[in-house]
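293 is the number that the working numbering gives the last residue of the sequence shown; the numbers go up by one with no jumps.
The beta carbon of each residue, even a glycine, is placed where N, CA and C say it ideally should be.
I have placed the structure first, in the form of structure tokens, so that the comments after it can refer back to it.
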Amino acid sequence: MGLVVLVGCAILILGFIWFKGFSFQQHRYKYAVIFPNIGSLEVGDPVSVSGVRKGKVEKISLYQGDVLVDINLSQDVVLKKDAKFTVMNIGLMGERFIAVETGHSDSLLDLSQPARGYYDVGIPEVMGRMSELIDAVRRLAGHLEKVIGTESSQEALIQTIENIKTISQRIDTLLAHNQAKFNQTVSDLSQTSTELKEILMSNKDKIQKTVDNFGSASGKLDNITTTLDSLSIYLKNITSRIESGNGTLGQLLNDTTLYEQMKRTTQNVDSLILDIKRHPKKYLKISIF
Numbered sequence: 005m006g007l008v009v010l011v012g013c014a015i016l017i018l019g020f021i022w023f024k025g026f027s028f029q030q031h032r033y034k035y036a037v038i039f040p041n042i043g044s045l046e047v048g049d050p051v052s053v054s055g056v057r058k059g060k061v062e063k064i065s066l067y068q069g070d071v072l073v074d075i076n077l078s079q080d081v082v083l084k085k086d087a088k089f090t091v092m093n094i095g096l097m098g099e100r101f102i103a104v105e106t107g108h109s110d111s112l113l114d115l116s117q118p119a120r121g122y123y124d125v126g127i128p129e130v131m132g133r134m135s136e137l138i139d140a141v142r143r144l145a146g147h148l149e150k151v152i153g154t155e156s157s158q159e160a161l162i163q164t165i166e167n168i169k170t171i172s173q174r175i176d177t178l179l180a181h182n183q184a185k186f187n188q189t190v191s192d193l194s195q196t197s198t199e200l201k202e203i204l205m206s207n208k209d210k211i212q213k214t215v216d217n218f219g220s221a222s223g224k225l226d227n228i229t230t231t232l233d234s235l236s237i238y239l240k241n242i243t244s245r246i247e248s249g250n251g252t253l254g255q256l257l258n259d260t261t262l263y264e265q266m267k268r269t270t271q272n273v274d275s276l277i278l279d280i281k282r283h284p285k286k287y288l289k290i291s292i293f
């Protein structure tokens, strides 16, 4: 009996070790991955590489608002720089595992820095959202019932449907009575399109020449615009110099002395003319021999 108990214990221990995925001959290494969420992932859950179990979850801890997961991987798993880590669903009860894609980059992944992983929504999350969707549908049904559940609303809806039927019948009648006209209109449009195409093809060279002339005119217009800009700047400079009193014209416009002198001269000339008119003999002496 003792021997049977020992053998049973040994089988139990070996089975537990096999179930947990322990290996005494396989070398492993550790790596850390940061996930935004891990769902129901727990320590000891499997790590699968392209569908093959190659490790397990060793430690789970919070990290700056995210979750830091330490995993161990078989030595033969070579992670490239574009490797991808995803927490995925494994069954109907919400069991989780980490799926690893080793990547195809030419450079290896830096194992000293944790990578960013992804979280795949599983069946429990979908079922939870389905309940929210069902509640939203129920609320929508309640609102619709309030809107069209009354007799007046139903009568209005029936009347609207009847109006749509009437309009549809009128449109059918209109199309039936004017089918020939519609066909003629379509034919005329097609013929017009053909004639327009022929006109464009026959005057292709002229149209191209016109386009070239427009381009040349546009270039000349740019040159004129540039010249006008230069002239505007030149006139602004002259105006600025005149306003500041530079040059003869600026001095004439800004110096009041010349104005006062011209005013006095004019007054003197007026006085002289008036005096000549009054006393002409004073200025004119006529002698007869």
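Note to self: Please return the same chain residues whose Cβ sits closer than 6 Å to the Cβ of L45, not counting the five positions on each side in sequence.
What the structure shows: Taking the sequence shown and counting its residues from 1, one reaches residue 45 at position 41. Hits under 6 Å: V91, R100.
Item checked: 7 Å Cβ shell around F26 - same chain, five flanking residues per side excluded -> Counting from 1 along the sequence shown, the entry for residue 26 is found at position 22. For F26, the predicted structure reports a pLDDT of 49, less than 50, and the residue's modelled location is therefore unreliable. A value from the coordinates is still provided. Here the set comprises nothing.
Checklist line | Simplified DSSP assignment, three categories, for L10 | finding: By one-based count along the sequence shown, residue 10 stands at place 6. Looking at L10 - three-state DSSP - the assignment turns out to be helix.
Item checked: Residues of its chain near Y67, where Cβ-Cβ distance is below 7 Å and the 5 sequence neighbours each way are ignored -> The residue given as residue 67 occupies position 63 in the sequence shown. Excluding positions up to five away in sequence, the list reads I38.
Next item on the list: Go ahead and pull the three-state DSSP assignment for V82.
Entry: Numbered from 1 along the sequence shown, position 78 holds the residue referred to as residue 82. The answer is coil: DSSP assigns V82 none of H, G, I, E or B.
Check: Quick check: the segment 100 to 110 against the segment 51 to 67, are there 3 or more CB pairs under 8 Å?
Finding: yes
Checklist line | CB-CB length for A14 against P118, believed under 8 Å | finding: Taking the first residue of the sequence shown as 1, we reach residue 14 at position 10. Taking the first residue of the sequence shown as 1, we reach residue 118 at position 114. No, A14 and P118 are not in contact; Cβ-Cβ is about 39 Å, not under 8 Å.
Notebook entry, point to check: Based on the DSSP output, what are the partners of M92 in its beta bridges?
Noted result: The sequence position of residue 92 within the sequence shown is 88, counting from 1. Answer by DSSP bridge pairing, in chain order: F101.
Notebook entry, point to check: Hey, would you say E62 sits closer than 8 Å to V82, going by beta carbons?
Noted result: For the purposes of this step, residue 62 is taken as the residue at position 58 of the sequence shown. For the purposes of this step, residue 82 is taken as the residue at position 78 of the sequence shown. Not in contact: E62 and V82 (Cβ atoms no closer than 8 Å).
Note to self: Tell me the residue span of the beta strand (DSSP E) that contains A36.
What the structure shows: On the sequence shown, position 32 is the one that residue 36 refers to. Looking at the DSSP string, the run of the beta strand (DSSP E) that includes A36 is 32 to 39.
Checklist line | Cβ neighbours of N76 in the same chain (closer than 6 Å, five flanking residues each side left out) | finding: As a working mapping, residue 76 is identified with position 72 in the sequence shown. Here the set comprises R32, K34, G59, E62.
Margin query: Checking 8 Å against the spacing of the C-beta atoms, do Y123 and G43 come in under that value?
Written below: Taking the sequence shown and counting its residues from 1, the one referred to as residue 123 is at position 119. Taking the sequence shown and counting its residues from 1, the one referred to as residue 43 is at position 39. For Y123 and G43, yes; Cβs fall inside 8 Å.
Notebook entry, point to check: Considering S52, what are the terminal residues of the alpha helix (DSSP H) in which it resides?
Noted result: Indexing the sequence shown from 1 puts residue 52 at position 48. Per DSSP, S52 belongs to no alpha helix (DSSP H); it is in the beta strand (DSSP E), 50 to 53.
Margin query: Tell me which residue opens and which closes the alpha helix (DSSP H) that V190 is part of.
Written below: Mapped onto the sequence shown, residue 190 falls at position 186. Here the alpha helix (DSSP H) through V190 covers 183 to 206.
Checklist line | Assigned secondary structure, I64 (DSSP; H/G/I helix, E/B strand, else coil) | finding: Within the sequence shown, the letter at position 60 stands for residue 64. Strand, per DSSP.
Check: Opposite D216 in the DSSP bridges: which residues?
Finding: For the purposes of this step, residue 216 is identified with residue 212 of the sequence shown, where counting begins at 1. According to DSSP, D216 bridges with nothing at all.
Next item on the list: Would you list the one or two residues that DSSP bridges to N76?
Entry: Residue mapping note: residue 76 aligns to position 72 of the sequence shown, counting from 1. K34, K60.
Check: Are the Cβ atoms of D86 and S116 separated by less than 8 Å?
Finding: Working through the sequence shown from its first residue, we reach residue 86 at position 82. Working through the sequence shown from its first residue, we reach residue 116 at position 112. Contact: no.
Item checked: Rounded separation between Q3 and R174 - CA only -> Summary: the structure shown does not reach residue 3, with the chain confined to residues 5 through 293, and so no result is reported for it.
Note to self: Quick check on D70: does DSSP put it in helix, strand or coil?
What the structure shows: Within the sequence shown, the letter at position 66 stands for residue 70. Reduced to three states, the DSSP call for D70 is strand.
Notebook entry, point to check: Using the C-alpha atoms, what's the distance from Q265 back to I277?
Noted result: Mapped onto the sequence shown, residue 277 falls at position 273. Mapped onto the sequence shown, residue 265 falls at position 261. C-alpha separation (whole angstroms): 18 Å.
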